[in-house]
Ligand SMILES: Cc1cc2nc3c(=O)[nH]c(=O)nc-3n(C[C@H](O)[C@H](O)[C@H](O)COP(=O)(O)OP(=O)(O)OC[C@H]3O[C@@H](n4cnc5c(N)ncnc54)[C@H](O)[C@@H]3O)c2cc1C
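Residue numbers (the working numbering): 5 to 286.
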């Protein structure tokens, strides 16, 4: 099948892109890497009158390492930074290898070469990797819209499967990712039937013993990533009863098969953060 007819705008600036989106009154879509949008257009799942191509906006490729005084040390990634640029280490990483590992596990190289971190977040596929990883990292989405710029914590960005707070006229311009505090151990475990496929379960974990913190995020659960703040799950390495109870209270125990997968990924993550050299992978 071929896409329904549409007009095409090659935007050169953020203002031009936002202006075009606003003028289209909800009948336009942004084109980033086109890895998800292309198939949706071909299947006519979306039929916008206008496509606003943002790939010519150089500022959206920028990576800013300047610390934000208020929010602490962080790196801001332009929304057009590709999975491959992160995988290859062509852009700065403040996560001791977590972000490159996440990027490396997305689909296959051709998709990673074109697909962007911003497009992935805006698409909000429940099985998408950046949604889970950036929730684990407590990132902030930077959005430019008709009323100017606003910053939205990523935990409030996802409304559910394929749903975000983006309104017609909004453009995601960047993602601010806090640097991991020294001594943080991390794990990112996912279960896919075949390499390169979307995951059936993802569990990300951050553990910092000096700070006494443990943050767990369960993704690929059919909705928005779920945050579990319960250090007790790591008691004696891994407490499966407590983990199961946490998943149940998050409403993730409806399907026995998926519950087992989430528990298995959580157990693997717990093992990883208890044996990893603090600060990064072995
Ligand atoms: C076969 C296959 C396997 C895949 N496997 C995985 C996987 O394992 N894990 C994973 O995470 N992903 C996977 N993906 C998805 C891939 O990561 C895409 O790159 C990503 O979902 C979309 O990024 P994109 O840059 O191509 O965005 P596009 O396809 O260009 O856009 C996606 C959506 O977001 C909107 N959008 C894009 N950028 C912006 C912006 N800056 N502001 C506002 N709206 C915007 C578009 O209008 C569109 O609705 C897979 C894709 C394919 C085709």
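Built from N, CA and C at the ideal position, the CB exists for glycine as well.
Quantities reported herein were computed from a predicted structural model and do not represent experimental measurements.
Asked                                                                                                                                                                 : Found
Which residues mark the beginning and the end of the alpha helix (DSSP H) in which residue 136 is found?                                                              : 133-140
For ligand 1, I want to know if residue 11 counts as a neighbour, meaning its beta carbon is within less than 6 Å of at least one of the ligand's heavy atoms.        : no
Does the distance between the C-beta of residue 105 and the nearest non-hydrogen atom of ligand 1 fall short of 6 Å?                                                  : no
Got a sec? Which residues, its chain only, sit under 6 Å from residue 225 by beta carbon, not counting five neighbours each side?                                     : 256
So is residue 81 buried or exposed if we call it buried at 16+ other beta carbons inside 10 Å?                                                                        : buried
Between residue 110 and residue 116, what straight-line distance do the alpha-carbon atoms span, to the nearest angstrom?                                             : 7 Å
With respect to 6 Å, is the separation between the Cβ of residue 39 and the closest non-hydrogen atom of ligand 1 below this value?                                   : yes
Quick one: what's got a C-beta closer than 6 Å to residue 17's C-beta in the same chain, skipping five residues either side?                                          : none
Please give the ranges of any beta strand (DSSP E) in the stretch 154-186, keeping only runs that are unbroken, at least 3 residues long and fully inside the region. : 162-164, 175-182
Just verifying my parser: in three-state terms, what is the DSSP assignment at residue 196?                                                                           : coil
Give the secondary structure of residue 148 by DSSP, where H, G and I count as helix, E and B as strand, and everything else as coil.                                 : strand
Measuring CB to CB, does residue 212 end up less than 7 Å from residue 185?                                                                                           : yes
Quick check on residue 94: does DSSP put it in helix, strand or coil?                                                                                                 : coil
Would you call the stretch 91-98 and the stretch 122-140 in contact, with 3 or more CB pairs under 8 Å?                                                               : no
On the CB-based measure, 16 or more other CB atoms within 10 Å of its CB, does residue 193 come out buried or exposed?                                                : buried
Here's the rule: buried if 16 or more other CB atoms are within 10 angstroms of the residue's CB, otherwise exposed. What is residue 209?                             : buried
Taking Cβ to Cβ, would you say residue 178 is nearer than 7 Å to residue 214?                                                                                         : no
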